[in-house]
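Heads up: the sequence shown begins at 38 in this note's numbering, then just goes up one per residue. Where a beta carbon is used, it is the ideal one built from N, C-alpha and C, also for glycine. First up is the structure itself, then whatever we jot down about it.
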Amino acid sequence: MRILCFLIGVVCNLSDFLSALENIALHKPAYQENPYPGLSEALTQASNAVDGLKSNLSVWGGQCVLPDNYKQTATWWVNLTNILSIHHITIYYRTGNAMWGQSVIFYNERLPGVTYPADYSAYAWNELCEVEVYGCPRSGYYGNNCSVPCPDPQCNYCDLDTGTCRGGCNPGYKGHKCELECVNGFYGDGCRKQCGRCIDMTQCHHVNGTCLNGCKPGYKGDNCIQACTTGYYGDNCNMNCGNCFNDETCHFINGSCLSGCRFGYQPPLCAQECYNNTYGQGCAETCGHCSDSKPCHHINGSCVSCAPGFKGTRCVDECDMGFYGIGCLQECSTFCKTSRDCHHVTGYCKEGCKTGWQGTNCLEVNKPLDSSNNQQSSFFSVLGLFCVSLLLNGFFIAYIIILRKSRNRLAKLYKPESSTKELQIRKDVQSGFDSVNEGYQELGDLHECKNSTYDTLQ
């Protein structure tokens, strides 16, 4: 029986320490690339090399792996199913081979174009009978019976003899003894992985990279390395994109539509309809003259109804010439100076009215003053003045008559009075008659004036 020892870090020996190690390859899954086809599977299968049996290492012993002939490669492997600390490996090869001195050369490939020593076979053979991998069945332990914990708890695995950290640090740690956590912004194996888009640039978890306080806007997942799904943006990717042009997606961080908005929506988020009397793409168009100053439709600019003087779906066209008002249904006056040329809103004639018409809309007849009525008015005015004058003169004459009668009675009662007084009374009476005559004269003048006015009226 020939034993090939592969030494890993220490010399293979048969001390009591070795007996304390376990064969961690025993009954683990194994694989053979090109099994020999001419024999039963029990004689050639890959699991024969990890079954713990090594008492009969011949071809017919059923404890070895037999490959097919004349192959360039002869691959066999065993899966330890875990990351474990390995102390040494022992390989038992099939008997019946020629002795080559104090060593056995094991190979599993013959590559084309490569020159090998003259005594090497031209083909690859793999006739393993037992592969024993000795180490501790649990990581983090060393020493007799693998019962002593490694002194550095964050070490991947320590030397099974001395306990010195030999396999690097666990994810999230670094340093000679793996005593340091990864610096801010890094995590994982060897602290080589960079943290994702964590919020406020806080450190992620030094082992698995999880962002402790969540993600920056536009990113999601535990590690915040995934951008928001199409159609979403912002904090935790929970905001829907707006009405972007051509249904294109928005920026995954701030939600702005990169290609602009659909018609009728306000940039940059395109989530709000146009306002301030605007509509259309980018809300760059101004609404027309909608009734009651109501806003137009935010997409196409149409109005439910138009303000007086305007027409069309968008109410931007003035009424046709000759019409005005609500719905442009009222006709301009034909009596405008320029026929049917009025203001489209109020109906006022722009250049005034034709002769004989008046008013803002030229719908009122302009009547000239009647001369016969003026003459009648003048006649009655003069007649009234004459009657008043006649009445005043009548009162005056009556007063004189009463006054004379009173003086005659006084003369009869006081006859002996002096002739001087009598003479004075006569003079007063005479003076009264003169005044009456003067009154008649004025009435005559008034009569002449009346005749003159009447002649004029005639």
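Burial state of Lys404, where buried means 16 or more other Cβ atoms lie within 10 Å:
As a working mapping, residue 404 is identified with position 367 in the sequence shown. Burial call: exposed.
Three or more C-beta pairs under 8 Å: does that hold for the region 113-130 against the region 167-187? yes
Measuring CB to CB, does Ile236 end up less than 9 Å from Cys219? Translated into the one-based positions of the sequence shown, residue 236 becomes position 199. Translated into the one-based positions of the sequence shown, residue 219 becomes position 182. Not a contact, by the Cβ cut-off of 9 Å.
Requested in this report: With a cut-off of 8 Å on the beta carbons, I'd call Lys65 and Val87 a contact; round off their distance for me.
Outcome: One-based indexing of the sequence shown puts residue 65 at position 28. One-based indexing of the sequence shown puts residue 87 at position 50. The pair is a contact, with the Cβ atoms about 6 Å apart (cut-off 8 Å).
Sequence-distant residues of the same chain with beta carbon closer than 7 Å to Gln231, five excluded per side: Numbered from its first residue, the sequence shown carries residue 231 at position 194. Hits under 7 Å: Gly222 and Phe223.
ask   = DSSP puts Leu217 in a beta bridge; with which residues?
value = The count along the sequence shown starts at 1 and reaches residue 217 at position 180. BP columns for Leu217 point to Lys211.
- Task: Would you grab the beta carbon distance between Gly301 and Gly279 for me? Rounded to a whole angstrom, and I think it's under 8 Å.
- Result: Along the sequence shown, read from residue 1 onward, the residue named residue 301 stands at position 264. Along the sequence shown, read from residue 1 onward, the residue named residue 279 stands at position 242. Gly279 and Gly301 do not touch by the CB rule: their CB atoms are close to 11 Å apart, not below 8 Å.
* CA nearest to the CA of Thr375, picked from Thr383, Gln367 and Gly359 -> Residue 375 sits at position 338 when you count from the first residue of the sequence shown. The candidate whose alpha carbon is nearest that of Thr375 is Gly359.
query: Nearest-angstrom Cα distance between Lys348 and Glu322?
result: Along the sequence shown, read from residue 1 onward, the residue named residue 348 stands at position 311. Along the sequence shown, read from residue 1 onward, the residue named residue 322 stands at position 285. Taking the straight line from one Cα to the other gives about 18 Å.
For Asn60, which three-state DSSP category applies?
-> Within the sequence shown, numbered from 1, the residue matching residue 60 stands at position 23. Three-state DSSP puts Asn60 in a strand.
task: Please report the residue range of the beta strand (DSSP E) in which Thr81 lies.
output: Within the sequence shown, residue 81 is the residue found at index 44, counting from 1. It is not in any beta strand (DSSP E) - Thr81 instead sits in the alpha helix (DSSP H) that spans Glu78 to Thr81.
Alpha carbon to alpha carbon, how far is Cys187 from Gly212? The residue given as residue 187 occupies position 150 in the sequence shown. The residue given as residue 212 occupies position 175 in the sequence shown. If you take the alpha carbons of Cys187 and Gly212, they lie about 15 Å apart.
Along the chain, where does the beta strand (DSSP E) containing Thr127 start, and where does it finish?
Your numbering for residue 127 matches position 90 in the sequence shown. Element bounds for Thr127: Ile123 to Tyr130.
**OP:** Determine the extent of the beta strand (DSSP E) in which Cys166 is found, giving its start and end residues.
**Re:** In the sequence shown, counting from the first residue as 1, residue 166 sits at position 129. That run of the beta strand (DSSP E) goes Leu165 to Gly172.
| task | Check each candidate in Gly297, Glu216 and Gly200 and name the one with the smallest Cα separation from Asp284. | result | As a position in the sequence shown, residue 284 is number 247, starting the count at 1. Checked all of Gly297, Glu216 and Gly200; the closest Cα to Asp284 is Gly297.
Three-state secondary structure assigned by DSSP to Lys391: Walking along the sequence shown from the start, residue 391 turns up at place 354. Lys391 carries a coil assignment under DSSP once its states are collapsed to helix, strand and coil.
Practice problem: Kindly indicate which residue of Ile437, Thr81 and Leu94 has the alpha-carbon position closest to the one of Asn106. | Solution: Taking the sequence shown and counting its residues from 1, one reaches residue 106 at position 69. Nearest option by C-alpha distance: Thr81.
Discussion item. Pro74 and Val102 - do their beta-carbons sit closer together than 9 Å?
Written reply: Taking the first residue of the sequence shown as 1, we reach residue 102 at position 65. Taking the first residue of the sequence shown as 1, we reach residue 74 at position 37. No.
Between the CA atoms of Leu420 and Ile434 - distance to the nearest angstrom:
Position 397 of the sequence shown, counted from the start, is the residue given in the question as residue 434. Position 383 of the sequence shown, counted from the start, is the residue given in the question as residue 420. Answer to the nearest angstrom: the Cα atoms are 21 Å apart.
In this structure, does DSSP put Asn277 in helix, strand or coil?
Against the sequence shown, residue 277 aligns to sequence position 240. The answer is strand: DSSP assigns Asn277 an E or B state.
Q) Is Cys281 buried or exposed, if buried means 16 or more other CB atoms sit within 10 Å of its CB? A) Taking the first residue of the sequence shown as 1, we reach residue 281 at position 244. Buried, since its Cβ has 16 or more Cβ neighbours within 10 Å.
- Query: Helix or strand or just coil, what does DSSP make of Val185?
  - Reply: In the sequence shown, the residue the question calls residue 185 occupies position 148. Three-state DSSP puts Val185 in a strand.
Return the chain-ordered list of same chain residues with a C-beta closer than 8 Å to the C-beta of Thr118, the five sequence neighbours on each side being excluded.
In the sequence shown, counting from the first residue as 1, residue 118 sits at position 81. Only Lys65 and Pro66 meet the Cβ criterion.
- Query: Which of helix, strand or coil does DSSP assign to Trp114?
  - Reply: Taking the first residue of the sequence shown as 1, we reach residue 114 at position 77. DSSP places Trp114 in strand when its eight states are reduced to three.
Beta-carbon separation of His335 and Cys320 under 9 Å? In the sequence shown, residue 335 corresponds to position 298, counting from 1. In the sequence shown, residue 320 corresponds to position 283, counting from 1. In terms of Cβ geometry, His335 and Cys320 form a close pair [threshold 9 Å].
Excluding sequence positions up to five away, which residues of its chain have a Cβ less than 6 Å from the Cβ of Phe289? The residue given as residue 289 occupies position 252 in the sequence shown. Gly255, Ala264, Cys265 and Tyr270.
*Where Phe372 falls, given that 16 or more other Cβ within 10 Å makes a residue buried*: Numbered from 1 along the sequence shown, position 335 holds the residue referred to as residue 372. Flag for Phe372 reads buried.
Is the separation between the beta-carbon of Gly225 and that of Cys248 shorter than 9 Å? Looking up residue 225 in the sequence shown gives position 188. Looking up residue 248 in the sequence shown gives position 211. Taking 9 Å as the Cβ cut-off, Gly225 and Cys248 do not qualify as a contacting pair.
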